[in-house]
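These notes are about the structure you will find just below.
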Amino acid sequence: MEKILTSLALIFSLFLLVACGNSQASKSADKKSDSSKQTVTLIIKSDEKTTKQTVSFKKGDKVTDVLKRQAKIEEKSGLITSINGVKQDEKAGKYWFFKVNGKLSNTGADQTKVKNGDTIEFYMDVYN
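All the letters of the sequence shown, read from the start, carry residue numbers -25 to -1, 1 to 103 under mature numbering (1 follows the signal peptide of the UniProt record, and there is no 0).
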């Protein structure tokens, strides 16, 4: 009888260890997926208002991909011509520009890849 109780206690202990081990593995997997979430800050400034959002993105996304998910845009030859109904004004020389981490981009929005933690700012300005 004592052998049976000892055996049952041993089996119960093994089940308990296995269950706790799986719980820890699950928690580790959850932490990895949270820490691998990639985000950028998207700022859109117009004369009417300024919006600021934290946006998730996928590996390989370009600035245009992120912007399209958050705003209604129009493009012409790869250039952003309208964001949320605010159109560029060619007669006044006002166009949409964008900066990444405070620096004016040398490439178009459709060619600029986003990186985790980037701050992307769209704003309308006069082109000289």
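Built from N, CA and C at the ideal position, the CB exists for glycine as well.
Please read all numbers here as calculations on a predicted model, not as lab measurements.
Judged by DSSP secondary structure, T16 falls within the beta strand (DSSP E) whose first and last residues are T14 to K20. If you compare the alpha carbons of T39, D85 and A67 with that of Y102, the shortest gap goes to A67.
Counting along the chain, no alpha helix (DSSP H) covers D100; the unbroken beta strand (DSSP E) around it starts and ends at T94 to V101.
Sorting E50, S31 and E49 by C-alpha distance to the C-alpha of V41 places S31 at the top.
Under the DSSP definition of a beta bridge, V75 partners with K78 and I95.
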